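In terms of UniProt numbering, the sequence shown opens at residue 1 and continues consecutively. One structure below.
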Amino acid sequence: MKKFNGLSKGFMGVATVACLLFAAGVTGVPYYGSVGTEAVGVAKKANKANKTKKISADKAKRIALGDAKLAEKDVTFVKVELELEDNRLVYDVEFYSGNVEYDYDIDAVSGAIVSADKDIENYVIPAQPSTEAPTKAQASEISVEKAKQIALSHAGVGSARFTKAKIDYENGVKVYEIEFKVGNMEYEYDINVLNGAIVSSSAEIDD
Numbered sequence: 001m002k003k004f005n006g007l008s009k010g011f012m013g014v015a016t017v018a019c020l021l022f023a024a025g026v027t028g029v030p031y032y033g034s035v036g037t038e039a040v041g042v043a044k045k046a047n048k049a050n051k052t053k054k055i056s057a058d059k060a061k062r063i064a065l066g067d068a069k070l071a072e073k074d075v076t077f078v079k080v081e082l083e084l085e086d087n088r089l090v091y092d093v094e095f096y097s098g099n100v101e102y103d104y105d106i107d108a109v110s111g112a113i114v115s116a117d118k119d120i121e122n123y124v125i126p127a128q129p130s131t132e133a134p135t136k137a138q139a140s141e142i143s144v145e146k147a148k149q150i151a152l153s154h155a156g157v158g159s160a161r162f163t164k165a166k167i168d169y170e171n172g173v174k175v176y177e178i179e180f181k182v183g184n185m186e187y188e189y190d191i192n193v194l195n196g197a198i199v200s201s202s203a204e205i206d207d
């Protein structure tokens with residue numbers, strides 16, 4: 001009878017160890033004496049962290065392209081950046097296709113489309129830095145000196161003191177932003193870089 005009791009105790013010990021090892025395996029937490037609420041809590045936090053893992057920037061691009069029903073080869077990406085909006089991490093995805101500009105906010109965790117917008121205008125895709133030879137369009141761009149002359153001619157003056165002459169973008173159109181003064185008059189012009197057209201102009205008395 002004593003022998004039976006010894007075997008029974010041994011079997012119970014093995015069963016207890018096996019149960020503890022199984023519990024440790026289920027929670028993913030190493031067993032160091034007992035499997036209590038603290039160990040389970042650690043496991044739950046680890047699982048929660050895994051569930052909130054961010055999607056990649058490439059995944060965000062594919063989601064935006066899928067919604068726009070466009071292939072990557074047919075668009076030019078301007079921006080794919082991770083930003084914080086209203087305490088939510090989102091990918092700000094912007095791209096062009098033809099004369100349409102697309103702007104998406106993609107939830108960085110779930111991949112859900114937070115917002116989507118597109119504008120159809122006479123856009124010229126912003127030039128990207130390149131070491132390649134100038135394209136035909138770039139070669140046909142007017143010079144900044146030409147833009148200055150167009151502005152002076154429109155203002156009806158022969159010479160002026162220029163305070164600004166730089167390339168900028170106005171509603172997606174590449175322009176020369178020209179500013180100059182003649183006496184107490186201040187002039188501002190936006191000149192289309194491709195064809196020299198005056199996009200906007202203003203003149204005011206400088207106090």
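Ideal Cβ placement from N, Cα and C applies to all residues, glycine included. For clarity, every value in this text was computed on a predicted model and none was experimentally measured.
- Residue pairing by DSSP places residue 161 opposite 181 in a beta bridge.
- For residue 100 against residue 79, the beta-carbon gap comes to about 16 Å, at or over 8 Å, which does not count as contact.
- Excluding its 5 nearest sequence neighbours in each direction, residue 157 has C-beta neighbours in its own chain below 6 Å: 182, listed in chain order.
- Annotated three-state conformation of residue 108 is coil, per DSSP.
- Looking from the CA of residue 88, the closest CA among 69, 179 and 113 belongs to 113.
- Assigned with DSSP and collapsed to three states, residue 203 falls in strand.
- Counting along the chain, residue 97 sits inside the beta strand (DSSP E) bounded by residues 88–97.
- When C-alpha distances from residue 72 are compared across 86, 190 and 96, the shortest belongs to 96.
- The beta carbons of residue 91 and residue 60 sit closer together than 9 Å.
- Residue 64 counts as buried, since at least 16 other C-beta atoms from the protein chains shown sit within 10 angstroms of its C-beta.
- Counted as a single uninterrupted DSSP element, the stretch harbouring residue 72 is not any beta strand (DSSP E), since DSSP gives it neither H nor E.
- The beta carbon of residue 201 sits closer than 6 Å to those of 189, all from its chain and outside the five residues before and after it, given in chain order.
- Looking at the backbone, the Cα of residue 140 and that of residue 154 are separated by about 22 Å.
- In its chain, beyond the 5 residues on either side, 196 have a beta carbon closer than 8 Å to the beta carbon of residue 146.
- In summary, residue 191 is buried, with 16 or more beta-carbon neighbours lying within 10 Å of its beta-carbon over all protein chains present.
- Under the DSSP assignment, residue 193 falls outside any alpha helix (DSSP H); it carries neither an H nor an E label.
- Inclusion of residue 142 and residue 193 in the CB contact set at 9 Å is warranted, their separation being smaller than that value.
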